[in-house]
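For reference, each letter of the sequence shown is one residue, going 13 to 318 in the working numbering.
In this text, a Cβ means the ideal position worked out from N, Cα and C, and glycines have one as well.
If you're wondering where the values come from, they're calculated on a predicted model, not measured in any experiment.
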Amino acid sequence: QSYLWVAQIQQSNNSPAVVMVLVPRAGPAITVPEAAPLAIVKIGLWSQENRIIDVGIIDSPPRIIVLEAERVALYSRLNNGRWQPDGEFAIRHVRPWPRDLRGRLVLRKDYLFDAYLPGIICAANLKGSRSLECSQSDDPWPLAGEGFRLNGFFSSTRNFFTGALTPNLGSETTLPAFYSAAPIPRQKYVLWLFAAIDGQVYASDGMSNMPVSAPGWGSGIAAVRSSCGSGWQVLATSNSDGNRPDSVRAYQLSDRDPVAVGEGVAMGGPVTSLWTEAAGNTAVAITRNLRTGQYEAFRLAISCGQ
Numbered sequence: 013q014s015y016l017w018v019a020q021i022q023q024s025n026n027s028p029a030v031v032m033v034l035v036p037r038a039g040p041a042i043t044v045p046e047a048a049p050l051a052i053v054k055i056g057l058w059s060q061e062n063r064i065i066d067v068g069i070i071d072s073p074p075r076i077i078v079l080e081a082e083r084v085a086l087y088s089r090l091n092n093g094r095w096q097p098d099g100e101f102a103i104r105h106v107r108p109w110p111r112d113l114r115g116r117l118v119l120r121k122d123y124l125f126d127a128y129l130p131g132i133i134c135a136a137n138l139k140g141s142r143s144l145e146c147s148q149s150d151d152p153w154p155l156a157g158e159g160f161r162l163n164g165f166f167s168s169t170r171n172f173f174t175g176a177l178t179p180n181l182g183s184e185t186t187l188p189a190f191y192s193a194a195p196i197p198r199q200k201y202v203l204w205l206f207a208a209i210d211g212q213v214y215a216s217d218g219m220s221n222m223p224v225s226a227p228g229w230g231s232g233i234a235a236v237r238s239s240c241g242s243g244w245q246v247l248a249t250s251n252s253d254g255n256r257p258d259s260v261r262a263y264q265l266s267d268r269d270p271v272a273v274g275e276g277v278a279m280g281g282p283v284t285s286l287w288t289e290a291a292g293n294t295a296v297a298i299t300r301n302l303r304t305g306q307y308e309a310f311r312l313a314i315s316c317g318q
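Here it is as structure tokens:
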């Protein structure tokens, strides 16, 4: 069937004329389904009384690596599903740690991993004769998972990145000091978000570095890949004072300003660490449970709504 257009035309003092025109229908109307909401899946990995700096997971054979302030502890899983201690390495350092200590584990292939701490980098080998070699170093830390080459220099006396980058991010060599970063791949470039120490979130594409609207964001952000929406989402902690439980929420960036997708997930306490895992499709969050006092590690992933 066609559309019928009806118009009433007034010509000077004459009676109004009515004109009707048939317009062919272009085709069946196309209905664009509304995007399904996304959900964050939270999986408990580890909990303990001593402070956890970061946690790494080796799938085969199942093993958990726990980075603490003074050691790296290893745990292997038994056939009954329980975890048992499987060795530890002391972290030797000369200078005292900053009060708000941060660090991260970066897993490599062939049972290798690196531990990054302020002013210290440790290289570990879990094959054969196990070893952990630590040395004083101001070398930059990886800012994201595999496939992203950007590194940032971390202050040896504070709890944030200085803003110096390597390699250069396009024309940008230095940014405002920041706590965390999240890359969002585009068709021809990567858009980087930086949670700065001034409370602002900046977006940089290598040509410009501009503040974006991200109300309520805390200092922890991480990018994760999923099969939902645009394919990449940003996980962001809420902005709390450390005495209230944080939440983590997922956001998408159609342009530069993030848009929340789905509800946040409660974390039970302040989030002290949030890093994307090597594969890019999950992140590890460390929290201090305000009810129990335990430190807890969780794996976070994005699930598409049904």
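Please report the distance separating the alpha-carbon of residue i from that of residue j.
{"i": "residue 120", "j": "residue 212", "result": "33 Å"}
{"i": "residue 249", "j": "residue 308", "result": "16 Å"}
{"i": "residue 192", "j": "residue 208", "result": "8 Å"}
{"i": "residue 186", "j": "residue 306", "result": "37 Å"}
{"i": "residue 42", "j": "residue 291", "result": "Note on residue 42: pLDDT 35, under 50, position unreliable in the model; no value is reported."}
{"i": "residue 229", "j": "residue 140", "result": "44 Å"}
{"i": "residue 114", "j": "residue 200", "result": "33 Å"}
{"i": "residue 97", "j": "residue 233", "result": "31 Å"}
{"i": "residue 293", "j": "residue 238", "result": "6 Å"}
{"i": "residue 143", "j": "residue 151", "result": "21 Å"}
{"i": "residue 44", "j": "residue 53", "result": "A caution first: residue 44 carries a pLDDT of 34, below 50, which makes its placement in the model too unreliable to give a value."}
{"i": "residue 75", "j": "residue 196", "result": "30 Å"}
{"i": "residue 251", "j": "residue 156", "result": "22 Å"}
{"i": "residue 218", "j": "residue 314", "result": "28 Å"}
{"i": "residue 206", "j": "residue 188", "result": "9 Å"}
{"i": "residue 277", "j": "residue 261", "result": "6 Å"}
{"i": "residue 273", "j": "residue 181", "result": "28 Å"}
{"i": "residue 279", "j": "residue 94", "result": "24 Å"}
{"i": "residue 302", "j": "residue 67", "result": "20 Å"}
{"i": "residue 179", "j": "residue 153", "result": "12 Å"}
{"i": "residue 263", "j": "residue 224", "result": "13 Å"}
{"i": "residue 51", "j": "residue 245", "result": "11 Å"}
Could you have a look at residue i and say whether DSSP puts it in helix, strand or coil?
{"i": "residue 109", "result": "coil"}
{"i": "residue 39", "result": "The pLDDT assigned to residue 39 is 47, lower than 50, so where the model puts this residue is not dependable, and the model offers no usable value."}
{"i": "residue 166", "result": "strand"}
{"i": "residue 103", "result": "coil"}
{"i": "residue 294", "result": "coil"}
{"i": "residue 151", "result": "coil"}
{"i": "residue 273", "result": "coil"}
{"i": "residue 146", "result": "strand"}
{"i": "residue 96", "result": "strand"}
{"i": "residue 136", "result": "strand"}
{"i": "residue 222", "result": "strand"}
{"i": "residue 44", "result": "Since pLDDT at residue 44 reaches only 34, below the 50 mark, its modelled position is unreliable, and no value is offered."}
{"i": "residue 81", "result": "coil"}
{"i": "residue 332", "result": "For the chain, the structure presents residues 13 to 318; residue 332 sits outside this window and is missing."}
{"i": "residue 252", "result": "coil"}
{"i": "residue 32", "result": "Because the pLDDT of residue 32 is 49, which lies under 50, any placement of that residue in the model is unreliable, and the number read from its coordinates should be weighed accordingly. DSSP places residue 32 in strand when its eight states are reduced to three."}
Using CA coordinates, which residue listed in the options is at the minimum distance from residue i?
{"i": "residue 77", "options": "136, 257 and 91", "result": "136"}
{"i": "residue 202", "options": "144, 140, 251 and 268", "result": "268"}
{"i": "residue 300", "options": "310, 85, 291 and 293", "result": "310"}
{"i": "residue 83", "options": "244, 294, 317 and 134", "result": "134"}
{"i": "residue 109", "options": "216, 171, 219 and 261", "result": "171"}
{"i": "residue 117", "options": "52, 314 and 288", "result": "288"}
{"i": "residue 296", "options": "50, 62 and 69", "result": "69"}
{"i": "residue 88", "options": "58, 240, 80 and 102", "result": "58"}
{"i": "residue 56", "options": "253, 303, 298 and 316", "result": "298"}
{"i": "residue 73", "options": "91, 67, 85 and 80", "result": "91"}
{"i": "residue 124", "options": "105, 145, 312 and 104", "result": "145"}
{"i": "residue 158", "options": "235, 61 and 271", "result": "235"}
{"i": "residue 304", "options": "149, 164, 60 and 64", "result": "60"}
{"i": "residue 131", "options": "81, 247 and 122", "result": "81"}
{"i": "residue 254", "options": "106, 285, 245 and 265", "result": "285"}
Which first and last residues belong to the beta strand (DSSP E) in which residue i is found?
{"i": "residue 54", "result": "50 to 60"}
{"i": "residue 68", "result": "66 to 70"}
{"i": "residue 195", "result": "190 to 197"}
{"i": "residue 306", "result": "Here residue 306 belongs to no beta strand (DSSP E), and DSSP marks it neither H nor E."}
{"i": "residue 264", "result": "259 to 265"}
{"i": "residue 174", "result": "173 to 181"}
{"i": "residue 216", "result": "213 to 216"}
{"i": "residue 184", "result": "184 to 186"}
{"i": "residue 126", "result": "124 to 129"}
{"i": "residue 285", "result": "283 to 288"}
{"i": "residue 206", "result": "202 to 208"}
{"i": "residue 117", "result": "116 to 119"}
Mind reading off the beta-carbon distance from residue i to residue j? Whole number of angstroms is fine, and I expect it under 8 Å.
{"i": "residue 204", "j": "residue 138", "result": "Rounded, the Cβ-Cβ distance is 32 Å, inconsistent with contact."}
{"i": "residue 99", "j": "residue 79", "result": "At roughly 14 Å, the Cβ-Cβ gap does not stay under 8 Å, so residue 99 and residue 79 are not in contact."}
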